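Each remark here refers to the structure printed beneath this line.
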Amino acid sequence: MVEGCVSMKKLKDKNLVITGAASGIGRSLAIGLAKEGMNLFISDINIERLEKVKEEIEALGIKVFTARCDVTKYEDVEKLAEIAQEKLGNIDMLINNAGIGSGAYAETMELEDWKRILDVNLWSIIYSIKVFLPIMLERGQGHFINTGSGAGIVGQPVHLDYCTSKFAVVGLSEALFSEVRDKGIHVSVICPTIIKSNIMERSEVRIPPELMKSVSEAELPEKEGRFKEEFWKEYSKKGLTPEKAAKKYIKGIKKQKLFIYDKSILRVALFIKACFSSIYKRVLRQQGKEHEEIIKTALKNI
């Protein structure tokens with residue numbers, strides 16, 4: 142099938158599995174795709190919130206099932222596939238949406254920070270390829286969708302571990318596309334910019350090094366908590382709501398695009414990156430300055 146030729150009707154009565162569906166982008170995608178007529182199996186680590194999303198979807202008259210899934214555990218992903226097939230039948234679409242964010246200067250990051258981010262944002266997708274891809278290949282059809290990030294297109298300061306994970310997701314998605322596109326499997330990678338979601342709730346944000354020196358060990362947890370709250374408030378000021386972003390992503394999903402954006406600035410950034418390295422360096426430096434200003438504002442407010 143030619144890319145870009147999928148009609149709205151193609152989603153009706155198809156079966157979708159989505160991780161990280163209890164809030165933010167995941168919730169909005171689940172509800173938006175339910176409105177397109179898809180049957181859903183939604184999962185998340187937060188089962189209480191997940192059940193509320195289920196109620197919202199059921200109110201639309203759509204078939205929906207839930208399961209708790211810790212995507213950092215291979216056995217949970219295996220179980221998810223098993224139960225989803227039992228409840229829905231064939232899996233037509235998988236959205237690997239579960240993810241966490243971060244915020245820290247390179248010198249303040251611990252090895253556990255790196256591992257935590259990579260386990261959730263990258264290894265979960267590796268697990269899903271191992272589990273779900275053979276199921277789709279056996280049928281010779283399916284749509285494999287990964288939630289990457291604009292931070293997987295353009296490097297951002299104070300997010301080294303997050304950028305590493307999302308650059309890997311983008312590269313993985315490109316490579317997977319090249320491998321399975323002629324086997325009936327579509328691959329897409331969603332690249333959000335700034336979204337006003339609650340991604341930071343489960344994310345580690347460490348205070349700047351100079352402040353750490355002046356804070357006692359007992360005060361550190363409270364200071365980091367307040368800094369995270371203020372940092373995210375400043376950072377997400379110009380962000381899109383998950384609902385607005387999801388509408389854009391669903392348009393891309395229906396067209397089976399490889400890259401799905403919510404802002405065209407990412408296309409511009411890719412062009413500059415490819416053609417004008419000296420200008421691109423300025424873009425990266427400017428991002429550094431903007432982050433410094435956000436951090437200064439956040440520090441004033443704690």
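Sequence positions in the sequence shown follow our numbering and run 142 to 443. All C-beta atoms, glycine included, are put in the ideal place defined by N, C-alpha and C. Nothing here was measured: the structure is a model prediction, and the numbers come from that model.
Since residue i sits in a beta bridge, which residues does DSSP pair it with?
| i | result |
| --- | --- |
| D185 | R209 |
| E177 | For E177, which the question treats as bridged, DSSP gives no partner whatsoever. |
| N237 | N287 |
| I294 | I294 is not bridged to any residue. |
| G230 | According to DSSP, G230 bridges with nothing at all. |
| V330 | N287, F400 |
How about residue i and residue j: are their beta carbons less than 8 Å apart?
| i | j | result |
| --- | --- | --- |
| L407 | G291 | yes |
| F285 | L317 | yes |
| L157 | N180 | yes |
| I232 | F273 | yes |
| P362 | I436 | no |
| F182 | K228 | yes |
Along the chain, where does the beta strand (DSSP E) that runs through residue i open and close?
| i | result |
| --- | --- |
| Y402 | 400-402 |
Indicate, with yes or no, if the ligand ZN has a heavy atom lying under 7 Å from the CB of residue i.
| i | result |
| --- | --- |
| S405 | As presented, the structure is devoid of all ligands, the ligand ZN included, so that no description of it is given. |
Around the C-beta of residue i, are 16 or more other C-beta atoms found within 10 angstroms, so that it is buried, or is it exposed?
| i | result |
| --- | --- |
| Q427 | exposed |
| G145 | Low confidence applies here, because G145 scores a pLDDT of 42, under 50, leaving its location unreliable; read the following figure in that light. When all chains shown are included, G145 counts as exposed. |
| V409 | exposed |
| L252 | exposed |
| F372 | buried |
| D403 | buried |
| K369 | buried |
| K176 | exposed |
| P275 | exposed |
| E365 | buried |
| I420 | exposed |
| S344 | buried |
Along the alpha helix (DSSP H) that carries residue i, what are the first and last residues, could you check?
| i | result |
| --- | --- |
| L157 | First-last for L157: 156-159, but that is the beta strand (DSSP E), not the alpha helix (DSSP H). |
| V261 | Neither: V261 is in no alpha helix (DSSP H) and is coded neither H nor E. |
| I420 | 418-441 |
Stretch-stretch touch, CB-based, cutoff 8 Å, three pairs: the region 169-183 with the region 299-319
At 8 Å Cβ cutoff, the stretches do not touch.
Please confirm if the region 390-403 is in contact with the region 329-338, defined as three or more CB-CB distances below 8 Å between the two stretches.
At 8 Å Cβ cutoff, the stretches touch.
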